[in-house]
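So the sequences go chain by chain: A and B.
So the number in this note's numbering is just where the residue sits in the first sequence, counting from 1, plus 1.
So the number in this note's numbering is just where the residue sits in the second sequence, counting from 1, plus 1.
2 protein chains.
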Amino acid sequence: MRIGELARRTAVSERSLRYYDKLGLIAAERTSGGHRDFPESTVGRVIRIQELFAAGLCSEKIGWLLPCLNDPGEGPAETATPELAEVLQVERDRIDRMIGDLLRSRDVLDEVIDEARAVH
Amino acid sequence: MRIGELARRTAVSERSLRYYDKLGLIAAERTSGGHRDFPESTVGRVIRIQELFAAGLCSEKIGWLLPCLNDPGEGPAETATPELAEVLQVERDRIDRMIGDLLRSRDVLDEVIDEARAVH
DNA sequence: GTAGGATCTGACACCGGTGTCAGATTCAAC
DNA sequence: GTTGAATCTGACACCGGTGTCAGATCCTAC
């Protein structure tokens, strides 16, 4: 599919998609004229990439991680090396702490919002 | 307490603490020589601020939110206006989606890590 | 008083994903 | 062919919390 459709279906800007392509996080065939042609499976991959960005992983580590995922439509997954697993473990723990932070912050907001609702 | 001790106890850099002070997120007395002197309650407040930053709130909204919290050692909490509550609701929902993203990302990492452990 | 550590202010830079623009080229429909 | 929409590349800028440095001043213990 073309980049426009991919952008629509993933709610990610064409700018970002071209950036992902340049980094090698997604791959596209090219038409004779040079336009990108993405396979269907790229939709899921882009969404996954966005989630990982949101989780604070940098593009480099995402690039390491992606080959180890077995997403439908992608080739067979590689197995992470022990070195990569170690890196990912650090990220995993960071994400875990982050989830804790977010839960606490969500609770704080809920309290303030509920209080406002009760009064006004 | 002095900024050095506050930095040690919160694991937040002096640079950031001065920044929070400048923004009015935390408040300090000043010694006759101009050095900041923070009350004990600032420790908890700084940690809270860090959590809210981690949750993606900008300093401006944190500044709106903080007066509505009743933290030990701080003065009586204000009640959020309906306008503020609306703003916070948007943030709250964003955080909620973010938590979902993070849980998915954590699961992805766990899978890859476990697979690597199993093989090597 | 004095030395050495702590703190002060101000300024500059970074990070890295994203927005946006310009100008050229391609695609698809008529 | 032609035309309008879509896509291409490349470049510049932003954001906003944080790191870091310089030079001056303060504080505390001797």
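From the three backbone atoms N, C-alpha and C, an ideal C-beta is built for every residue, glycine too.
* Contacts around residue 64 of chain A, its chain only, beta-carbon distance under 7 Å, and the 5 residues preceding and following it disregarded -> In the first sequence, residue 64 of chain A corresponds to position 63, counting from 1. Excluding positions up to five away in sequence, the list reads 24, 25, 26.
* Which same chain residues, not among the five before or five after residue 56 of chain A, have their C-beta less than 6 Å away from its C-beta? -> One-based indexing of the first sequence puts residue 56 of chain A at position 55. So the qualifying residues of the chain are 96.
* Short CB-CB distance (under 8 Å) between residue 106 of chain B and chain A -> Within the second sequence, residue 106 of chain B is the residue found at index 105, counting from 1. With 8 Å as the cut-off, residue 106 of chain B counts as an interface residue toward chain A.
* Nearest-angstrom Cα separation, counted from residue 15 of chain A out to residue 68 of chain A -> Numbered from 1 along the first sequence, position 67 holds the residue referred to as residue 68 of chain A. Numbered from 1 along the first sequence, position 14 holds the residue referred to as residue 15 of chain A. Residue 68 of chain A and residue 15 of chain A: Cα-Cα distance of roughly 23 Å.
* Rounded to whole angstroms, what's the CA-CA distance from residue 82 of chain A to residue 113 of chain B? Just pull it up for me. => Position 81 of the first sequence, counted from the first residue, corresponds to residue 82 of chain A. Position 112 of the second sequence, counted from the first residue, corresponds to residue 113 of chain B. Spanning the two alpha carbons is a distance of roughly 10 Å.
* Could you say if the region 99-117 of chain B and the region 98-106 of chain A meet the contact criterion of at least three C-beta pairs nearer than 8 Å? => yes
* Asked: Which residues in the same chain as residue 60 of chain B place their Cβ atom closer than 7 Å to its Cβ, once the five residues preceding and following it in sequence are excluded?
  -> Counted from its first residue, the second sequence places residue 60 of chain B at position 59. Only 24, 26 meet the Cβ criterion.
* Asked: When the cut-off is 8 Å and only beta carbons count, does residue 47 of chain B lie next to chain A?
  -> Locating residue 47 of chain B in the second sequence gives position 46, counting from the first residue. Chain A contact via Cβ: absent.
* Taking a cut of 8 Å between CB atoms, which residues from the region 80-108 of chain B lie near chain A? -> 80, 81, 82, 83, 85, 86, 89, 90, 92, 93, 96, 97, 99, 100, 102, 103, 104, 105, 106, 107
* Compare the C-beta of residue 50 of chain B with all C-beta atoms of chain A and state if any pair is closer than 8 Å. => Indexing the second sequence from 1 puts residue 50 of chain B at position 49. Not one chain A Cβ lies under 8 Å of residue 50 of chain B.
* Residue of A:77, A:118, A:86 minimising C-alpha distance to residue 119 of chain B -> By 1-based counting over the second sequence, the position of residue 119 of chain B is 118. Ranking A:77, A:118, A:86 by Cα distance to residue 119 of chain B puts A:86 first.
* Based on the DSSP output, what are the partners of residue 37 of chain B in its beta bridges? -> For the purposes of this step, residue 37 of chain B is identified with residue 36 of the second sequence, where counting begins at 1. Beta-bridge pairing links residue 37 of chain B to B:31.
* Asked: Rounded to a whole number of angstroms, what is the C-alpha to C-alpha distance between residue 47 of chain A and residue 70 of chain A?
  -> On the first sequence, position 46 is the one that residue 47 of chain A refers to. On the first sequence, position 69 is the one that residue 70 of chain A refers to. Going from the Cα of residue 47 of chain A to the Cα of residue 70 of chain A covers about 13 Å.
* 3-residue-minimum beta strand (DSSP E) runs that sit fully inside the region 50-82 of chain B, ordered along the chain -> none
* Asked: Out of curiosity, what's the CA-to-CA distance linking residue 54 of chain B and residue 43 of chain A?
  -> Position 53 of the second sequence holds residue 54 of chain B. Position 42 of the first sequence holds residue 43 of chain A. Whole-angstrom Cα-Cα distance: 32 Å.
* Return no unless some Cβ of chain B is closer than 8 Å to the Cβ of residue 41 of chain A. => For the purposes of this step, residue 41 of chain A is identified with residue 40 of the first sequence, where counting begins at 1. Chain B, which has no Cβ nearer than 8 Å to the Cβ of residue 41 of chain A, makes this no.
* **Whole-number beta carbon distance between residue 36 of chain A and residue 3 of chain A, since they are thought to touch under 8 Å** => In the first sequence, counting from the first residue as 1, residue 3 of chain A sits at position 2. In the first sequence, counting from the first residue as 1, residue 36 of chain A sits at position 35. The Cβ separation is near 7 Å, so the contact holds.
* How about residue 92 of chain B and residue 62 of chain B: do their beta carbons lie closer than 8 Å? -> Here residue 92 of chain B refers to the residue found at position 91 of the second sequence. Here residue 62 of chain B refers to the residue found at position 61 of the second sequence. Yes, they are a contact pair.
* **Cβ neighbour criterion (16 or more within 10 Å) applied to residue 12 of chain A** => Along the first sequence, read from residue 1 onward, the residue named residue 12 of chain A stands at position 11. Classification of residue 12 of chain A: exposed, given that the 10 Å Cβ count is below 16.
* Asked: What's the C-alpha gap between residue 110 of chain A and residue 90 of chain B?
  -> As a first step, residue 110 of chain A must be located in the first sequence, where it is residue number 109. As a first step, residue 90 of chain B must be located in the second sequence, where it is residue number 89. Between residue 110 of chain A and residue 90 of chain B, the C-alpha separation is close to 8 Å.
* **Exposure label - residue 31 of chain A; buried when at least 16 CB within 10 Å** => In the first sequence, the residue the question calls residue 31 of chain A occupies position 30. Label assigned to residue 31 of chain A: exposed.
* Using the beta-carbon of each residue, which ones in chain B are nearer than 9 Å to residue 70 of chain A? -> Position 69 of the first sequence, counted from the start, is the residue given in the question as residue 70 of chain A. By Cβ distance, chain B contributes 109, 112, 113.
* Grouping DSSP H, G and I as helix and E and B as strand, with all else coil, what is residue 47 of chain A? -> Translated into the one-based positions of the first sequence, residue 47 of chain A becomes position 46. Reduced to three states, the DSSP call for residue 47 of chain A is helix.
* **Pairwise C-alpha distance: residue 121 of chain A and residue 78 of chain A** => Your numbering for residue 78 of chain A matches position 77 in the first sequence. Your numbering for residue 121 of chain A matches position 120 in the first sequence. Answer to the nearest angstrom: the Cα atoms are 55 Å apart.
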